[in-house]
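As structure tokens, the structure follows; a few thoughts come after it.
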Amino acid sequence: MSQRIRNHVLSRPADFESGLIYGGTKESVTVRDVRLFAGIGPDALENILGGSGAERGIGGKAWGLMNGRDDTDVKDARKVPSQISIEDSYIKLDNMSQLMEELRMLATSLLNRMYQDLLEDDEESDVPSKRWIAYPKTIRLSTRPRLPLNADGTRTRSFNRISRSKPLPNFVFNLKDGIDSIVERLIQDTLVPMFRKLHPQRSDWNLSLVNIGVTNMVEAASEDGSRGGRNIGLMFKRQEATLKEWKVEDRDIPPDFVTNRYEKSISEPIETEHISNPNPGSEDVVYISQDTVDEQDLWEDEDELGSREICHVCGAMMPAFAMPAHERFHNLEE
Numbered sequence: 001m002s003q004r005i006r007n008h009v010l011s012r013p014a015d016f017e018s019g020l021i022y023g024g025t026k027e028s029v030t031v032r033d034v035r036l037f038a039g040i041g042p043d044a045l046e047n048i049l050g051g052s053g054a055e056r057g058i059g060g061k062a063w064g065l066m067n068g069r070d071d072t073d074v075k076d077a078r079k080v081p082s083q084i085s086i087e088d089s090y091i092k093l094d095n096m097s098q099l100m101e102e103l104r105m106l107a108t109s110l111l112n113r114m115y116q117d118l119l120e121d122d123e124e125s126d127v128p129s130k131r132w133i134a135y136p137k138t139i140r141l142s143t144r145p146r147l148p149l150n151a152d153g154t155r156t157r158s159f160n161r162i163s164r165s166k167p168l169p170n171f172v173f174n175l176k177d178g179i180d181s182i183v184e185r186l187i188q189d190t191l192v193p194m195f196r197k198l199h200p201q202r203s204d205w206n207l208s209l210v211n212i213g214v215t216n217m218v219e220a221a222s223e224d225g226s227r228g229g230r231n232i233g234l235m236f237k238r239q240e241a242t243l244k245e246w247k248v249e250d251r252d253i254p255p256d257f258v259t260n261r262y263e264k265s266i267s268e269p270i271e272t273e274h275i276s277n278p279n280p281g282s283e284d285v286v287y288i289s290q291d292t293v294d295e296q297d298l299w300e301d302e303d304e305l306g307s308r309e310i311c312h313v314c315g316a317m318m319p320a321f322a323m324p325a326h327e328r329f330h331n332l333e334e
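Under full-length UniProt numbering, think of the first position of the sequence shown as 1, with each following residue one higher.
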């Protein structure tokens, strides 16, 4: 992107430093130079930077950045990086012995970065140790081949890379083995086969850059559930202390003494009332005698209580359907 803008301002390709093919340019073009250049603006930048595969509205976005404006939402920093990669550039890298040496240095640096960014203290362990907070699933090897010489002896500058990816082997996550043994195994079992897929020929390749990276991070379970679920093993270990407040203990407790209302009413002295019988032989009159228990204080069905009536003449209680006949009895007495 910057190269296209620089070439537009200079009206020609910029001259590059000789030596390292990845070196800088001999000519400096600043943001101020671009802003003051005649005819430059969002539309002009869209024509310069647009095209197949370009971001939509790239001209307006680039113009805003040149003027210190960026409307992109600020996102919270990720605790786990999306990828980790290590690379280096070379003047000339064209034989296998040099490549093995460079792969060893890059792989060692990559593992050290993984240990730094993807490990944390393991609080559930009795001895001080580390645990992985994320597991990268993919390893990627990228190279940038140097183009052949042109007919005039010059070499065209190239930024194109070629890459190969495959699943990251699980032995990389073994913290008990030394880093040197893991690096050697990673080179022999993974990186060298990937390199041979990229460059099938045994010779006639010349690299200006090698990159090794890991990606496709899968976050491990955490105690608070903030990373891909909860740590089930740690939850089981701590459940006794966590649930202690709500634990129900099975203890033998004698029941509280409750007086039975029926027994209480039976054991109490029974009051008797003698009512003179003005009409001996009547079967409609119900009299309270010493053999009758006053059970008005006992539990009774509400429907049953509601269906009884008391005679206003003699005070006898009887079912409602018997009250009319009982009233006719009193009427005959008159």
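Glycine residues also receive a C-beta, built at the ideal position from the N, C-alpha and C atoms. For clarity, every value in this text was computed on a predicted model and none was experimentally measured.
Paired residues, beta bridge with residue i - DSSP
| i | result |
| --- | --- |
| G213 | S85, R140 |
| A134 | E219 |
| P319 | R308 |
| D121 | K130 |
| P145 | L207 |
| L93 | L207 |
| R155 | L149 |
Contacts around residue i, its chain only, beta-carbon distance under 7 Å, and the 5 residues preceding and following it disregarded
| i | result |
| --- | --- |
| I40 | V34 |
| N150 | T156 |
| G50 | I58, G59 |
| P324 | none |
Member of the options whose CA lies at the smallest distance from the CA of residue i
| i | options | result |
| --- | --- | --- |
| T30 | Q3, G50, A54 | Q3 |
| T143 | L207, S203, S158, D43 | L207 |
| K130 | M114, P145, P136 | M114 |
| N112 | A221, G178, K75 | G178 |
| H199 | D94, I48, K61, A322 | D94 |
| E55 | L36, M1, A107 | M1 |
| C314 | A325, H330, A322 | H330 |
| M105 | S28, N47, N67, L191 | L191 |
| N160 | L103, R202, P145, T154 | P145 |
| L103 | G53, D152, R78, P193 | P193 |
| L110 | H8, R12, D180 | D180 |
| M96 | F195, K75, E333, D76 | F195 |
| M66 | P42, L99, Q188 | P42 |
| P136 | N170, K176, K75, R328 | N170 |
Residue interval of the beta strand (DSSP E) (run including residue i)
| i | result |
| --- | --- |
| I5 | Unbroken run through I5 is the alpha helix (DSSP H), 2 to 10; no beta strand (DSSP E). |
| R164 | 162 to 167 |
Nonlocal neighbours in the same chain, by C-beta distance under 8 Å from residue i, ignoring five residues either side
| i | result |
| --- | --- |
| R140 | S85, S163, R164, S165, N211, I212, G213, V214, T215 |
| T138 | S165, K166, P167, L168, V214, T215, N216 |
| V80 | D117, L118, I133, A134, M217, E219, R227 |
| N174 | I182 |
N- and C-terminal bounds of the alpha helix (DSSP H) containing residue i
| i | result |
| --- | --- |
| G59 | 58 to 66 |
| P42 | 42 to 49 |
| D180 | 179 to 186 |
| D33 | 31 to 35 |
| R196 | 192 to 198 |
C-beta contact flag for residue i and residue j at 8 Å
| i | j | result |
| --- | --- | --- |
| D73 | G64 | no |
| E87 | L186 | no |
| A62 | L45 | yes |
| A14 | E27 | yes |
| I48 | I91 | no |
Sequence-distant residues of its chain with Cβ nearer than 6 Å to residue i (five each side left out)
| i | result |
| --- | --- |
| D121 | none |
| S158 | L147 |
| residue 353 | A question about residue 353 goes unanswered here, because the residues of the chain that appear run from 1 up to 334. |
| Q83 | G213, T215 |
| K197 | R164 |
| I266 | No answer about I266 holds up, because its pLDDT of 48 lies below 50 and its placement is not dependable. |
| V127 | none |
| H8 | I48 |
| R12 | none |
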